[in-house]
Every structure is written in C-alpha cells, then in structure tokens.
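Participant:
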Amino acid sequence: MSNNLPVINLMGPTASGKTALACELYERGNYELISVDSALVYRDMDIGTAKPTKEEQLQYPHHLIDVITPMEVYSAAQFVDDAIRLIDDIHSRGKTPILVGGTMLYFKALLEGLSDNLPNADQAIRSEIEAKASEEGWQAVYDELVHVDPLAGEKFKVTDKQRIIRALEVYKITGKPITQLQLEQPKNLPYRYTFYNYALLPDRVELHKRIALRLEKMWEIGFLNEVELLIKKYDLDENLPSMRCVGYRQALEFLNNGDSSHKKRTEMEDKALFATRQLAKRQYTWLRSLQELHHFKTYLTTKQAHEDLRNLHR
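No gaps in the numbering here: position 311 of the sequence shown is 311 in UniProt numbering, and each next residue is one more.
(1) Assuming E32 is part of the beta strand (DSSP E), what are its boundary residues?
(2) Mind checking whether E253 and E269 have CB atoms under 8 angstroms apart?
(3) Go through its chain and collect everything with a Cβ distance to H62's Cβ below 6 angstroms, but skip five positions before and after it.
(4) Looking at the structure shown, is G101 part of a helix, part of a strand, or coil, going by DSSP?
(5) By Cβ distance, which residues of its chain are closer than 7 angstroms to G222, with the 5 residues on each side in sequence left out?
(6) Can you tell me where the alpha helix (DSSP H) holding T285 begins and where it ends?
(7) Count the other CB atoms within 10 Å of the CB of M1; is the residue buried (16 or more) or exposed (fewer)?
(8) Within a Cβ cutoff of 8 angstroms, which residues of the same chain sit near I173, ignoring the five residues on either side of it in sequence?
(9) In whole angstroms, what is the alpha-carbon distance linking D235 and Y74?
(10) Scan the segment 15-64 and note each continuous beta strand (DSSP E) run of 3 residues or more that stays entirely inside, going in chain order.
(11) Could you give the distance in angstroms between the alpha-carbon of R314 and the alpha-carbon of Q162?
(12) Do the segment 192-212 and the segment 38-46 touch if we need at least three Cβ pairs shorter than 8 angstroms?
(13) Would DSSP call F296 helix, strand or coil?
(14) Figure out for me which residue from E220, Q180, M218 and R249 has the closest Cα to the Cα of I231.
(15) Which runs of the beta strand (DSSP E) at least 3 residues long sit entirely within the segment 222-268? Give them in chain order.
(16) Just checking my contact of Q283 with M104 at CB under 8 angstroms: how many whole Å lie between their CB atoms?
(17) For a minimum of 4 consecutive residues, which ranges assigned as the alpha helix (DSSP H) are wholly contained in the segment 95-173?
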C-alpha cells in the first residue's frame with residue numbers, strides 16, 4: 001500500500017469552529033468525516049456534547065458518532081483501531097478522510113501509535129479501584145500504584161486520577177507494570193498514511209465568549225432534561241467515563257443533590273462553565289505539545305482556514 005495516502009487532521013479546542021469548517025470542506029470536496037471526540041461516541045448524549053443534529057448528520061455524515069451507550073468504555077486504542085479501519089475504507093472508495101475533533105489523546109495515539117500489548121479497559125476493575133478511592137482516599141490508591149509500579153509513581157501525582165486508574169488497571173489485568181509494557185514493544189505506527197495537520201486556535205478571550213454562548217444555548221434547549229432522561233434510562237454514576245464529560249458531571253451532581261433552587265442551579269452552571277474553560281485550556285496545551293513533534297498549520301479564525309484550505313487535496 002502506498003505510504004502517501006492523505007489523511008487530514010482538523011483539530012481545535014471546544015467551540016473553535018472546527019466542525020463547521022469540516023462540514024464546509026465536505027461540501028466542496030471528495031471527503032468523508034471521522035469524528036475525533038471522546039464525548040460524541042455516546043448515544044443519547046446530544047445537547048451537552050454539542051453533537052451535530054440528526055439533520056446535520058444526514059447532510060454531513062460523521063463516522064464514530066453514537067458508537068456506544070453511556071455505560072460503556074471507549075479507549076484510545078479502540079479509537080485507533082476504528083479510525084484506521086475507516087481511513088482504509090474511505091481511501092478504497094477514492095475519497096480522502098477528514099478527522100475532526102478536540103480529543104487530543106486520540107490524535108496523539110493516531111499520529112504516534114500505541115503500544116499494542118496494552119489491554120483494553122475493564123470497567124469492573126476500574127470500579128474496584130474507584131470504590132477503594134471512595135472508601136480509603138486517593139492517597140491509598142496512589143500508594144498501591146507506587147508499590148507495584150514505582151516508575152509510574154514517579155511520573156504521576158496523586159491528583160492524576162485517570163492515569164492512576166489506568167496504570168493499576170493494566171497491572172491487575174497483566175501482572176506487569178504499565179511502564180514496563182510501554183517499553184517492551186515498539187509503537188505500531190500507521191506509516192502508510194501522510195498526515196496533514198491543521199488546527200484552529202482562536203484568541204482565548206474570543207473562545208471564552210463562544211463557550212459561554214454555547215453553554216447558555218445548551219441550558220435553553222434542554223440540557224438538564226437530557227441528563228434527567230439519561231438517569232431514567234441508565235444506571236449512571238459519576239465515575240463512568242461518560243459522566244466525566246464536562247457539563248454532564250456538574251448536571252448529574254446537581255440533579256442527584258435534590259436541591260433545585262435558583263442558587264444551586266446558578267452554582268452548577270458556573271461550575272460547568274469553569275470546567276469547559278479548563279477543558280479548552282488543556283486542549284491548547286495538548287496542541288502545543290503535539291506541534292513540537294508534528295508539522296502543523298494553525299489558524300486564528302475559520303475564515304483564515306477557509307481561504308487557505310479552499311483547494312485542499314482535491
């Protein structure tokens with residue numbers, strides 16, 4: 001297989017305009033869209049994830065949307081497997097894939113590969129680890145990790161909860177430290193592709209305005225109702241990966257608390273806004289880190305990107 005099959009990566013923080021840009025590119029060229037978003041994989045989570053509407057998805061079909069239920073787990077390794085399969089399918093149809101989203105861990109995994117000897121996530125084991133944290137505190141869980149994987153203990157802080165869970169999960173499944181497994185095998189890089197990386201990086205003040213407007217609209221069109229329906233349909237708890245999505249965690253906590261006063265609702269909305277801004281900050285950091293290793297072209301506005309990408313890989 002040729003090693004210069006094009007794959008377009010269109011990245012950016014939440015509310016940067018990347019999805020709208022991808023849809024306009026889709027209209028102009030021979031493309032298919034693949035979502036790179038760890039929240040859009042969940043069915044029934046539409047408003048809080050800013051998922052394209054059903055009408056928009058009919059007009060601009062996206063792969064890897066509505067893949068699993070909110071009770072399931074979707075890992076970076078699963079994303080890479082699915083993305084590579086889809087990329088190959090799209091090329092076989094004579095089209096070019098556009099991968100669009102803001103989950104930088106997924107982009108990093110695709111660009112740099114993953115050790116193929118790491119196990120998939122195990123929700124039962126994760127629940128055990130989280131139960132211990134709830135009963136004994138995260139320090140006890142961190143101490144357990146340090147005991148079985150001292151190198152991971154040096155790399156992680158006690159506040160790195162998700163990394164601690166993953167490291168302990170891998171040890172409990174394989175009996176080996178994750179740091180050892182990561183060193184044992186070379187990464188499985190998809191060398192048969194040529195990646196073209198683009199990123200929308202708006203001014204942060206402007207981005208914060210967009211985030212605030214998006215959240216206001218979400219509350220107006222029924223985000224809380226959506227979470228109430230999720231609670232009725234699924235046996236949700238705050239430790240599920242789906243409920244760690246920004247907005248959902250705060251809404252779930254608010255609804256489970258039982259105090260629906262204006263004060264508590266305002267506090268919840270403020271927490272969701274802060275969490276979304278923090279997400280955007282992490283996405284900027286991830287993008288800057290990826291730029292150090294991979295060639296990127298960045299744009300402040302979608303208009304700039306439009307003009308530059310007008311005849312992209314036609």
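Glycine is no exception: its CB is placed at the ideal position from the N, C-alpha and C atoms.
Facilitator: The answer reads as follows:
(1) According to the DSSP assignment, E32 belongs to the beta strand (DSSP E) that extends over Y31 to V36.
(2) E253 is not a Cβ neighbour of E269, given a cutoff of 8 angstroms.
(3) Cβ contact annotation for H62 (same chain, cutoff 6 angstroms, sequence separation greater than five): L33 and S35, in chain order.
(4) In the structure shown, G101 sits in a strand (DSSP, three-state: E or B).
(5) Listed in chain order, the non-local C-beta contacts of G222 below 7 angstroms within the same chain comprise I47, local neighbours out to five positions each way being set aside.
(6) In the DSSP annotation of this structure, the continuous segment of the alpha helix (DSSP H) that includes T285 starts and ends at H262 to Q291.
(7) Unreliable placement is indicated for M1, whose pLDDT of 40 sits below 50; the coordinate value is still reported in the next sentence. Exposed, because fewer than 16 other Cβ atoms sit within 10 Å of the Cβ of M1.
(8) Taking C-beta separations shorter than 8 angstroms and ignoring five residues to either side along the sequence, the partners of I173 in its chain run P119, D122 and I125, following chain order.
(9) When rounded, the separation of the alpha-carbon atoms in D235 and Y74 is 18 angstroms.
(10) Counting only runs of 3 or more, we get 31-36.
(11) Confidence at R314 is low in this model, with a pLDDT of 49, below 50, so its placement is unreliable and the value that follows should be read with caution. CA-CA distance, R314 to Q162, rounds to 41 angstroms.
(12) Contact between the segment 192-212 and the segment 38-46 is absent, because fewer than three Cβ pairs lie under 8 angstroms.
(13) DSSP places F296 in coil when its eight states are reduced to three.
(14) Per the C-alpha coordinates, the member of E220, Q180, M218 and R249 positioned closest to I231 is R249.
(15) Within the segment 222-268, no complete beta strand (DSSP E) run reaches 3 residues.
(16) Between M104 and Q283 the Cβ distance is about 6 angstroms, and since that is below 8 angstroms, they are a contact.
(17) Segments of the alpha helix (DSSP H) lying fully in the segment 95-173: 104-112, 123-136, 138-148 and 150-155.
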